[in-house]
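In my numbering, the protein residues as written are 64 to 272.
Everything on this sheet refers to the single structure shown next.
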């Protein structure tokens, strides 16, 4: 039986998903700054990934069982999936580095990428939190979306720099180059999915403006 939705329940779930992505990004920053105990750190991110998946399933189930939702059902589903994809991508980068038993990245290029990704997740979380207060958006909301797009461009530049430095590193094992390139590429994918959250939020802003 379909039920009438309570707006706050949906927004709380979305905010929780955004917060999990934030926590994953923070853990990834720590991961990139200290390459000791990679397996244990990767396990923390795996637990966050499972937590995010559970929240996604809960929200999707609530969408299906609710007649009236505070946002269009497809918008809720898209935003929920996008937020979950961020956590998944971050976990994938960390688990791959742990799987390969990599040591600190050549010239420390992974850490700046992680910091930029955390900034994007912070902005996404703030924007998601604002949906509950003002579904029609605001200048602050729009500026956050713009800054996320800028950070994605910064992430692309950091990714290119990391690859250049990797390929220019003297006397490095070619197999290590392949492994690090894979980790850098997965991290760059995380920038793309974090930006996709902003795109979904931007579409919602336009729809309800």
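All C-beta atoms, glycine included, are put in the ideal place defined by N, C-alpha and C.
To which residues of the same chain is residue 77 closer than 8 Å at the C-beta, ignoring the five residues directly before and after it? If you number the chain shown from 1, residue 77 lands on position 14. The answer, listed in chain order, is 122, 139, 142, 143, 146, 191 and 194.
Mind the definition here: the region 228-237 touches the region 208-218 only if three or more C-beta pairs lie below 8 Å; say whether that holds. no
Could you name each continuous alpha helix (DSSP H) segment of 4 residues or more that falls completely within the region 141-213, going from the start of the chain to the end? 173-196
According to the neighbour-count rule (16 or more other Cβ atoms, all chains shown, within 10 Å of its Cβ), is residue 91 buried or exposed? Counted from its first residue, the chain shown places residue 91 at position 28. Counting Cβ neighbours within 10 Å, residue 91 comes out buried, since at least 16 surround it.
Residues near residue 101 in its chain [Cβ-Cβ closer than 6 Å; skip 5 each side]: As a first step, residue 101 is located in the chain shown; it is residue number 38 there, counting from the start. Hits under 6 Å: 161.
Residue 226 (DSSP reduced to helix, strand or coil): The residue labelled residue 226 in the question sits at position 163 within the chain shown. If DSSP states are grouped into helix, strand and coil, residue 226 belongs with the helices.
Close beta carbons around residue 189, own chain, < 8 Å, minus the five adjacent residues each side: Position 126 of the chain shown, counting from 1, holds the residue named residue 189. Contacts found: 207.
Quick one, which of 96, 266 and 257 has its alpha-carbon nearest residue 215's? Taking the chain shown and counting its residues from 1, one reaches residue 215 at position 152. Ranking the options by Cα distance to residue 215, first place goes to 257.
Report the residue from 174, 271 and 184 whose alpha carbon sits nearest the alpha carbon of residue 148. For the purposes of this step, residue 148 is taken as the residue at position 85 of the chain shown. Ranking 174, 271 and 184 by Cα distance to residue 148 puts 184 first.
Here's the rule I'm using: 16 or more other beta-carbon atoms within 10 Å means buried, otherwise exposed. How should residue 151 be labelled? Counting from one through the chain shown, the residue named residue 151 turns up at place 88. Counting Cβ neighbours within 10 Å, residue 151 comes out buried, since at least 16 surround it.
Measuring alpha carbon to alpha carbon, tell me which of 105, 128, 168 and 71 ends up nearest residue 242. Working through the chain shown from its first residue, we reach residue 242 at position 179. Cα-wise, what sits closest to residue 242 is 168.
In chain order, what residues of the same chain lie with their CB nearer than 7 Å to the CB of residue 175, ignoring the 5 residues before and after it? Residue numbering aside, residue 175 sits at position 112 when the chain shown is read from its first letter. Once the five neighbours on either side are set aside, the close Cβ partners of residue 175 are 221.
Taking the continuous alpha helix (DSSP H) assigned at residue 265, which residues delimit it? Taking the first residue of the chain shown as position 1, residue 265 is located at position 202. From DSSP, the alpha helix (DSSP H) with residue 265 extends over 237-271.
Straight-line Cα distance separating residue 94 from residue 217: Counted from its first residue, the chain shown places residue 217 at position 154. Counted from its first residue, the chain shown places residue 94 at position 31. Approximately 20 Å, taken between the alpha carbons.
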